[in-house]
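So the structure is just underneath, and the comments pick up after that.
Protein chains in written order, with our numbering: chain A, 15 to 331; chain B, 16 to 162.
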C-alpha cells in the first residue's frame, strides 16, 4: 500500500517536471489570455453616418480602439420607472398575459419575451401589484429556464419575492438582481446576441406600454410623449447593439424591424443647447443644465404607435 | 490513456477558464461595485463588466433621462491602479472627470433635458515602470432613485 502511494507520488513529481506538464502550463497561460479577452474584445465599430440630428450622432463619431465598447439600453426596470415618473397609471391589460408563457419556444421568442416579461414584472413591482409581480416573475423564470439560464431566477428568488411583496425597495432589488443574473449569465457564456435580444424585448415592451397609455389619454401636454420622444436618442444605441451581433440570424431580423421604426423616429426633430455642468456642494449632485425642444406631431406619434404595436404583437404571438 | 487524460484536462481548461474569469467579474460587480449604489439608488439591473489590463480603455454609450437622479459607480479590482473615468456629451465636452476628485468611484447627477452621453473608462498604467501591468475586473453600474 505504502509502495503504491510512493509510486504515485513519484509519478506526480515526474509529471510536474515533465515537458507535458510544462506544455499544460503554457496552454493554461494561453487559455488565460484568451479568457481575459473573450468578454471584451470587440472589433472597432466603423464610423457611420446616419441622417439624424447631430446631437446623438457626433457621440458615435471616432469611436476609439477601446478594448470594450458597451451600448447600454434602458433596462426593463429603468423603462418602467420612466413611465411611472411621467405620471402614468398602471394598466394590466397592456401587459403580455402570463398565460402566453407556455407557447414560446425557440431562442428568439424566449429571449424577446424574457425582456418583455421582465419589463412587465418591473411595472407590476413599481406599482405595488403583489400578485401580478409573482405571476410575472414566474413567467420570466419560464423564459430564462427555456434559454438555459441557470440560477438567474430560482425557487429561492420566488420565495424572497413572496416574502417581500409589501416592501417595494426589496422587490425592486430582486427584480434588478434577476435581470443582472440573466444578462451576466448570457455574457459569461458567450451568448451576447441573446442578451441583446432580451434587452430589445424589454425596451420595445416599455415603448409599447408608453404609446398605448398615451393613446388611452390625451396627446397634448402628456409627459409620456416627451419620454417616447426621448427614445429617439436610444434607438441608435439599440441599432448599434444589434449591429454588433447581426451575424446571428435572429438579431439580423430584429435589426431590420428596428430600422423601420428608426425611420419614423427620424421624422422627429430634436434640438438641444450646450450642456453646462453645475455642481452643488451641499447635495454633492451635479446638474447637467441644457434646453431641448422637439417636435412630435400627433400624426408622427400615430405612425410610431402603430409600428410599435405591430412589432410588439409579433414578438408576443 | 494518459494522453487522453492530458487532452481532456487541456480541453476542459480551455473551455472553462473564460467562463470562470467572467464569473469572477460578475461576483465583483454584484458583491462589491453594486454596494456603491446603496442605499439611496436602485441598481438598474444592467450588467457591464470586463477584464482590463492597466493601460486599457473601455467606452459606454447610454441615454440619460431628464428629471431622474442617477449615480454612476465605476470600480476596478484592488490589484490595479485606480480607475479613471470621464463623462462626455455629444460635442465631446468633458462634463465630469474623477481625476479632479481623487479618482472617486461614484458620481451623482441629474439632467434638465435627456441626453445621450459617453462614459470613457481607463485603467492608468502604473507609474512604476518595473512593475508588471496588472489585470482585473472593471464594472460600470448605474443606479437611479425610484420615484
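Built from N, CA and C at the ideal position, the CB exists for glycine as well.
From the beta-carbon of residue 56(B), no residue of chain A is found nearer than 7 Å; the closest lies around 11 Å away. In the DSSP assignment, residue 294(A) is bridged to 299(A).
Residue 153(A) sits in a helix when the DSSP states are folded into three classes. Contacts with chain A at 8 Å (Cβ-Cβ) include residue 108(B).
Put simply, of 202(A), 190(A), 273(A) the residue whose alpha carbon is nearest the alpha carbon of residue 95(A) is 190(A). For residue 111(B), the beta-bridge partners assigned by DSSP are 102(B). The C-alpha of residue 113(A) lies about 11 Å from the C-alpha of residue 156(A). Residues of chain B whose Cβ lies closer than 7 Å to the Cβ of residue 303(A) are, in chain order, 127. With three or more CB-CB distances shorter than 8 Å, the segment 143-159 of chain B counts as touching the segment 90-109 of chain B. The C-beta of residue 161(B) comes closer than 8 Å to at least one C-beta of chain A. For residue 315(A), the three-state secondary structure derived from DSSP is helix. Taking C-beta atoms as the reference points, residue 131(B) and residue 247(A) count as a pair closer than 8 Å. In the three-state DSSP reduction, residue 205(A) falls in the coil class, being neither helix nor strand. Under the Cβ distance rule, residue 82(B) counts among the residues neighbouring chain A, one pair being separated by less than 8 Å. Residues are counted here when their Cβ sits less than 7 Å from a Cβ of chain A; for the segment 47-79 of chain B these are 57, 58, 59, 60, 61, 62, 63, 65, 66, 67, 71, 72, 73, 74, 75, 76, 77, 78, given in chain order. The same chain holds no residue with a CB closer than 7 Å to that of residue 205(A) once the five nearest residues on each side in sequence are set aside. Your pair residue 57(B) and residue 175(A) does not check out as a contact, with CB atoms roughly 16 Å apart and the cut at 8 Å.
Taking all protein chains in view, the Cβ of residue 120(A) is surrounded by fewer than 16 other Cβ atoms within 10 Å, so the residue is classified as exposed. Taking all protein chains in view, the Cβ of residue 162(B) is surrounded by fewer than 16 other Cβ atoms within 10 Å, so the residue is classified as exposed.
Not a single C-beta of chain B is nearer than 8 Å to the C-beta of residue 149(A).
For residue 95(A), the enclosing alpha helix (DSSP H) stretches over residues 90-99. In this structure, the straight-line span from the alpha carbon of residue 192(A) to that of residue 103(A) is close to 25 Å. Taking a cut-off of 8 Å on C-beta distances, the segment 77-90 of chain A touches the segment 67-85 of chain B, as three or more cross pairs fall below it. When C-beta atoms of the segment 128-138 of chain A are compared with those of the segment 216-227 of chain A, three or more pairs fall below 8 Å, so the two segments count as touching.
Of all residues in the segment 242-253 of chain A, only 244, 247, 248, 251 come within less than 7 Å of chain B when Cβ atoms are compared, listed by chain position. Remark: three or more beta-carbon pairs, one from each stretch, lie closer than 8 Å, so the segment 67-74 of chain B and the segment 134-143 of chain B are flagged as touching.
In the DSSP assignment, residue 84(A) falls within the unbroken beta strand (DSSP E) covering 82-86.
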